[in-house]
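Participant: Got a structure here, written out as structure tokens. Questions coming.
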Amino acid sequence: MNKSSFNHIALLLLRLGFGGLMLTHGLPKLQKLLAGDLTFRDPIGVGEPASLILAVLSEVIFPILIIIGFKTRLSSIPVIITMAVAAFVVHANDPFAVKEKAILFLIGFIAIALLGPGKFSIDKK
Numbered sequence: 001m002n003k004s005s006f007n008h009i010a011l012l013l014l015r016l017g018f019g020g021l022m023l024t025h026g027l028p029k030l031q032k033l034l035a036g037d038l039t040f041r042d043p044i045g046v047g048e049p050a051s052l053i054l055a056v057l058s059e060v061i062f063p064i065l066i067i068i069g070f071k072t073r074l075s076s077i078p079v080i081i082t083m084a085v086a087a088f089v090v091h092a093n094d095p096f097a098v099k100e101k102a103i104l105f106l107i108g109f110i111a112i113a114l115l116g117p118g119k120f121s122i123d124k125k
């Protein structure tokens with residue numbers, strides 16, 4: 001196996017790992033939305049229901065697109081924005097240990113956006 005193949009496997013692992021772990025945060029929000037409970041934090045002032053819908057999109061729908069490698073770079077943008085808001089707005093006054101997870105996700109999805117999906121993806125780039 002050549003270096004290029006290892007790079008593509010690494011990109012696949014990044015997509016599967018970060019996308020899959022993000023789903024563990026998004027699926028409870030999706031269940032909350034489907035149950036009709038629209039109470040949610042409103043960190044950017046768009047209203048609780050809109051904030052919940054945006055969170056579900058960026059923690060469920062876009063990570064699924066990233067996992068399968070469809071429009072990966074574009075799909076990473078909403079997730080990056082959500083993690084930046086989580087780390088630097090929602091948890092702005094919290095200790096670093098509280099915001100650390102959001103920062104780790106932020107770094108991972110920035111890397112995915114910069115590197116692209118790799119050849120083991122729908123986009124095959």
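Residues 1 to 125 in the working numbering are what the sequence shown lists, from first letter to last. Glycine included, every Cβ here is placed at the ideal spot set by N, Cα and C.
Can you name, in chain order, every residue of its own chain whose Cβ lies under 8 Å from the Cβ of residue 89, other than the five neighbours on each side?
Facilitator: Hits under 8 Å: 43, 44.
Participant: Here's the rule I'm using: 16 or more other beta-carbon atoms within 10 Å means buried, otherwise exposed. How should residue 56 be labelled?
Facilitator: Burial call: buried.
Participant: Here's a check: name, in chain order, each residue in its chain whose Cβ is nearer than 6 Å to the Cβ of residue 8, leaving out the five neighbours to either side.
Facilitator: Only 118, 119, 120 meet the Cβ criterion.
Participant: Pull up the distance between the alpha-carbon of residue 116 and that of residue 11, whole angstroms please.
Facilitator: Using only the alpha carbons, I get a separation of about 8 Å.
Participant: Which first and last residues belong to the alpha helix (DSSP H) in which residue 56 is found?
Facilitator: It spans 48-56 - the alpha helix (DSSP H) in which residue 56 sits, taken as one unbroken run.
Participant: Pull up the distance between the alpha-carbon of residue 99 and that of residue 83, whole angstroms please.
Facilitator: Cα to Cα, the separation comes out at about 10 Å.
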